[in-house]
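First up is the structure itself, then whatever we jot down about it.
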Amino acid sequence: CLFLFFQCDNAKGLKAFYDAIKYGPNHLMVFGGVCATVTSIIAESLKGWNLVQLSFAATTPELADKKKYPYFFRTVPSDNAVNPAILKLLKYYQWKRVGTLTQDVQRFSEVRNDLTGVLYGEDIEISDTESFSNDPCTSVKKLKGNDVRIILGQFDEEMAVKVFCCAYDEEMYGSKYQWIIPGWYENVWWESWINSSQCLSKNLLAAMEGYIGVDFEPLSSKMIKTISGRTPQQYEKEYNAKRGDGQSSKFHGYAYDGIWVIAKTLQRAMKYLNATNKYQKIEDFNYTNHKLGKIFLDAMNETNFFGVTGQVVFRNGERMGTIKFTQFQERKEVKVGEYNAVADTLEIINNSIRFQGLEPPKDKTIIQEELRKISLPLYSILSALTILGMIMASAFLFFNIKNRNQKLIKMSSPYMNNLIILGGMLSYASIFLFGLDGSFVSEKTFETLCTVRTWILTVGYTTAFGAMFAKTWRVHAIFKNVKMKKKIIKDQKLLVIVGGMLLIDLCILICWQVVDPLRRTVEKYNMEVCP
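So in the numbering used here, spot 464 of the sequence shown is number 469, and the numbers just go up one at a time.
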């Protein structure tokens with residue numbers, strides 16, 4: 006009842022198919038289709054023959070087009086099936102900014118294009134999209150220039166060696182970067198291509214360390230019985246025993262489940278015919294019987310059972326399978342998690358993922374604007390010294406006022422001394438205000454503070470210096486008198502001199518405030534690495 010099809014040559018494949026249709030018995034279904042070119046040609050023509058095709062190895066995304074291939078199903082997930090899994094992984098580690106690096110091959114370009122659609126609307130930015138034909142170094146350099154830290158790659162093993170060599174040269178590996186690439190490469194794949202690169206083996210392995218591979222799971226890891234009565238582990242053991250020394254294929258589990266899909270499909274079709282039309286059987290099928298062809302198609306769409314590759318369910322002919330995540334750790338790939346497409350859940354195996362740093366890489370360079378501020382300990386020390394200075398000045402002021410009528414104090418001009426002390430205390434007070442920066446006060450208060458501290462320091466300095474200058478001038482005026490005549494210059498005159506100096510200061514300060522008042526400005530410094 007089945008036409009088994011495994012041919013990869015276009016001419017031979019088409020001839021075998023049409024010979025089977027023309028000369029062979031009526032086939033109920035087509036089972037197989039490995040190579041994309043032949044499979045797509047045959048799948049496109051199946052509607053005219055009312056034949057349902059089930060493939061276990063054709064992963065090309067092109068075959069997901071149900072308008073073009075309405076009778077095509079596959080038990081193996083398509084190459085695009087990894088994209089929802091990648092989305093889940095990105096969300097799990099809160100990576101919201103990624104870049105893509107794609108080899109210029111249709112297979113990889115289709116996956117990249119689908120990924121763009123999957124990420125659209127999910128608050129994840131594709132900050133850079135790079136592609137290459139033979140030399141990926143220019144593209145890798147552009148990714149680094151755009152500060153891409155999470156790289157989603159689509160390329161084969163040969164190009165993967167070149168990519169990681171370029172990544173090593175550009176230092177795009179280690180704790181700051183995470184590479185996510187296809188997981189279907191052969192075991193120790195790099196050894197086959199290392200000689201074709203200009204990279205040392207140790208350098209290549211250093212750049213590869215920690216990359217995450219994404220691929221479909223060949224067999225389910227769940228230890229429960231499948232539709233056949235065996236667990237996936239029992240099936241694998243029996244398969245290996247019967248295979249002997251023959252080469253293993255990662256599609257064998259999907260082929261096995263495919264046979265069960267066909268068996269269950271025919272069983273459902275027979276039950277449907279028995280319930281609705283007792284005079285028609287599946288043996289009555291022919292290539293022009295559209296009704297039976299539609300029954301087979303609907304029966305296959307209803308497939309839902311647990312097989313050796315996991316839950317077998319179709320959505321628009323596409324297998325909703327299990328996607329595994331592996332990580333390259335110390336020259337070997339270790340399974341670190343899996344994504345269940347049916348339940349849309351991601352499971353990360355405990356403590357299995359090893360990042361190069363203490364935590365997962367950040368998805369970009371985080372730029373934090375930090376206000377440069379005066380050191381609080383330094384401000385505290387200077388404030389304490391200022392307080393001591395003000396206490397000492399207050400003590401001198403108290404002593405001067407209390408003893409102002411004593412002869413020695415009276416002869417030293419106590420009023421001028423008091424002005425010097427008061428000017429000093431105002432200057433001391435300005436220290437507190439100059440230490441208050443943007444970390445202590447608001448922007449609006451800071452502008453007012455700029456003006457106030459300038460006035461206080463100016464007035465304080467002029468008062469102290471003016472009083473001292475006036476006393477010095479009086480001594481000068483008395484002793485420059487060569488005739489040594491008695492000359493009296495009273496404190497009131499000295500106060501006028503100090504007042505005149507303050508008046509000049511006040512005029513300048515008022516004009517300054519009116520014409521060009523002080524404003525708060527922000528000065529940008531060069532970026533620094535956070536310690």
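Cβ coordinates follow ideal geometry from the N, Cα and C atoms, glycine included.
DSSP-derived helix/strand/coil call for residue i
i, result
"residue 34", "strand"
"residue 401", "helix"
"residue 103", "strand"
"residue 186", "strand"
"residue 175", "coil"
"residue 448", "helix"
"residue 163", "helix"
"residue 58", "strand"
"residue 214", "coil"
"residue 493", "coil"
"residue 463", "helix"
"residue 353", "strand"
"residue 312", "strand"
"residue 79", "strand"
"residue 203", "coil"
"residue 152", "coil"
"residue 288", "helix"
"residue 67", "helix"
"residue 324", "strand"
"residue 84", "helix"
"residue 442", "coil"
"residue 219", "strand"
Residue span of the alpha helix (DSSP H) that contains residue i, given as start and end
i, result
"residue 345", "Residue 345 -> not in any alpha helix (DSSP H); beta strand (DSSP E) instead, spanning 337-345."
"residue 238", "237-248"
"residue 273", "257-281"
"residue 91", "87-97"
"residue 44", "41-50"
"residue 365", "Taken as a continuous stretch (DSSP letters only), residue 365 belongs to no alpha helix (DSSP H), as it is neither H nor E."
"residue 119", "111-124"
"residue 300", "295-306"
Contacts around residue i, its chain only, beta-carbon distance under 6 Å, and the 5 residues preceding and following it disregarded
i, result
"residue 344", "90, 93, 328, 351"
"residue 88", "119, 120, 123"
Cutoff 8 Å; reference residue i; Cβ partners in own chain excluding five residues on either side
i, result
"residue 373", "535"
"residue 514", "459, 460, 463"
Residue i beta carbon near the ligand MN (any heavy atom closer than 7 Å)
i, result
"residue 136", "For the ligand MN, the structure offers nothing, since it holds no ligand at all."
Cα-Cα separation between residue i and residue j, rounded to whole angstroms
i, j, result
"residue 385", "residue 379", "10 Å"
"residue 57", "residue 65", "18 Å"
"residue 376", "residue 532", "12 Å"
"residue 366", "residue 136", "23 Å"
"residue 36", "residue 111", "25 Å"
"residue 495", "residue 480", "12 Å"
"residue 145", "residue 76", "41 Å"
"residue 499", "residue 420", "10 Å"
"residue 1", "residue 501", "Past the boundaries of the shown model lies residue 1; the chain is included only from 6 to 536, so the question cannot be answered."
"residue 149", "residue 227", "41 Å"
"residue 349", "residue 97", "13 Å"
"residue 318", "residue 207", "44 Å"
"residue 179", "residue 215", "8 Å"
"residue 34", "residue 44", "14 Å"
"residue 275", "residue 233", "20 Å"
"residue 437", "residue 493", "41 Å"
"residue 182", "residue 85", "24 Å"
"residue 391", "residue 530", "31 Å"
"residue 160", "residue 203", "18 Å"
"residue 168", "residue 205", "13 Å"
"residue 454", "residue 478", "35 Å"
"residue 383", "residue 395", "18 Å"
"residue 417", "residue 399", "18 Å"
"residue 22", "residue 320", "27 Å"
Same chain, Cβ closer than 7 Å to residue i, five either side skipped, listed in chain order
i, result
"residue 54", "26, 292"
"residue 269", "308, 310"
"residue 244", "257"
"residue 475", "421, 499, 502, 503"
"residue 473", "425"
Endpoints, beta strand (DSSP E) assigned at residue i
i, result
"residue 192", "No beta strand (DSSP E) contains residue 192, which DSSP labels as neither H nor E."
"residue 157", "155-159"
"residue 329", "327-334"
"residue 137", "130-137"
"residue 518", "From DSSP, residue 518 is part of no beta strand (DSSP E) but of the alpha helix (DSSP H) over 496-520."
"residue 316", "315-320"
Contact with chain D by residue i, beta-carbon distance below 8 Å
i, result
"residue 33", "This model lacks chain D altogether, as it is built from one protein chain only."
Next on the checklist: Count Cβ pairs between the segment 348-364 and the segment 245-256 that sit closer than 8 Å; are there 3 or more?
Outcome noted: no
Checklist entry - Is there contact here, the segment 131-140 with the segment 94-111, by at least three beta-carbon pairs under 8 Å? => result yes
Next on the checklist: With three or more C-beta pairs closer than 8 Å as the rule, is the segment 461-471 touching the segment 415-435?
Outcome noted: yes
Checklist entry - Do the segment 190-199 and the segment 398-416 meet, that is, are 3 or more Cβ pairs less than 8 Å apart? => result no
Checklist entry - Does the segment 216-223 come within contact of the segment 273-286, defined as at least 3 CB pairs closer than 8 Å? => result no
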